[in-house]
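Residue numbers (our numbering): -14 to 327. Report on one structure; see the data block that follows.
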């Protein structure tokens, strides 16, 4: 069976990644592409690397007929996505890649994103889209909220350890290096080549990054009490990838055993041999996440490193993984391509 798919926000990086992934999917066909700023253009004009695909021209979102669409991906900016999702047909399956439905508490959304939640009714039905931990809720859901790419990386590294209670929850330091595509395709002065290349810098220092809302929500729910990690992202001059280096207090051998057990049957999460560390090069363009555990020189401490591609496993690949579940398709369909190297 073939399902009809719409992608809103198709002119952005995550939209292009969705097109790339769905192009090789045996059960999905793209029937509509929405991109208000580039409406009327062809994919060849917007993304020349996709010119070989036979795809519909980009439309204004309000021009799309959703009557025969089985599932819609919304790859729109936050604030915009709430308004669009609220106006879509009530029976349409939706995977939202923005931040607009990730936080269950509308007050938390206002705190981290600075505006009132505009689609509270839809928020109540949204399921958090970290596939490996929410499969049972995602499969029957109508609306799934994709996670932040930084939030996904940190959670893959830490969730099993929080559940097992084997690390000090008040002593978690999460240091992330993030590629520039995570900032989107909009023109920004600080992302110009001359501004970004040949260096990297910390940003959102001191606990102001919006993905902290997801960490607070998820880790506190798992622990049954408030958990607040120290988190600093750094922007690096790379196109794709996130590398998370996490410092925790706990027994390194037990931490390694716990992660191995948690991910033993997961098709996209690979725990490396003890002492090995992952690289963003080794997951580039793929839906895989690599995790490494190393012993710190200080007794009772460990360093856990995680790497994934922010556009694939951190966003569009995760979205497709969720869509497969929602449509009753094998979860790994269209996602087992090998990473690109070099």
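Just so it is clear, CB atoms sit at the ideal spot from N, CA and C, and this is done for glycine as well.
- Each residue's CA atom was taken as its position, placing residue 7 and residue 13 some 6 Å apart.
- In the structure shown, residue 160 falls within a strand segment according to DSSP collapsed to helix, strand and coil.
- Residue state for residue 123 is assigned as helix, using DSSP reduced to three classes.
- Spatial neighbours of residue 105 in its own chain (CB-CB distance under 8 Å, excluding positions within 5 residues in sequence) are listed in chain order as 91.
- A straight line joining the alpha-carbon of residue 73 with that of residue 183 spans about 44 Å.
- By the Cβ rule, the region 201 to 208 does not count as touching the region 161 to 180, because fewer than three pairs are nearer than 8 Å.
- Comparing alpha-carbon positions, the option among 199, -5, 226 lying closest to residue 216 turns out to be 199.
- Around residue 309, the same chain offers 316, 318 as residues with beta carbons nearer than 6 Å, after the five sequence neighbours per side are excluded.
- Counted as a single uninterrupted DSSP element, the stretch harbouring residue 259 is not any alpha helix (DSSP H), since DSSP gives it neither H nor E.
- When the Cα atoms are used, residue 63 and residue 202 turn out to be separated by approximately 18 Å.
- Under the Cβ criterion (8 Å, minimum of three pairs), the region 279 to 287 does not count as touching the region 220 to 229.
- Look at residue 152 here: in three-state DSSP terms it is coil, with no helix or strand label.
- Counting the other Cβ atoms within 10 Å of the Cβ of residue 311 gives 16 or more, which makes it buried.
- Around the CB of residue 66, 16 or more other CB atoms lie within 10 Å, so the residue is classed as buried.
- Counting only residues of its own chain and dropping the five nearest sequence neighbours on each side, residue 126 has a CB closer than 6 Å to the CB of 112.
- Restricting attention to alpha helix (DSSP H) runs no shorter than 4 residues, the region 169 to 208 encloses them at 178 to 181, 197 to 208, ordered along the chain.
- In the structure shown, the three-state DSSP call for residue 141 is helix.
- Assignment of residue 147 by DSSP, reduced to helix, strand and coil, places it in the helix class.
- Three or more beta-carbon pairs drawn from the region 263 to 279 and the region 295 to 305 are found closer than 8 Å, and the two stretches are therefore classed as touching.
- For residue 145, same chain residues with a beta-carbon under 7 Å away, outside a window of 5 residues either side, are 243, 244, 247 in chain order.
- Under the criterion of beta carbons closer than 8 Å, residue 103 and residue -8 do not qualify as touching, at roughly 22 Å.
- With respect to the 8 Å criterion, residue 56 and residue -12 are classified as neighbours on the basis of their beta carbons.
- Counting the other CB atoms within 10 Å of its CB gives residue 108 a total of 16 or more, which places it among the buried residues.
- In the DSSP assignment, residue 49 falls outside any alpha helix (DSSP H) and carries neither an H nor an E.
- Judged by DSSP in its simplified three-state form, residue 219 adopts strand.
- Residue 234 and residue 122 have their C-alpha atoms some 32 Å from each other.
- Rounded to the nearest whole angstrom, the CA to CA distance from residue 290 to residue 189 is 21 Å.
- Going by DSSP, residue 279 is part of the beta strand (DSSP E) stretching over 274 to 280.
- Between residue 157 and residue 143, the C-beta spacing is below 8 Å.
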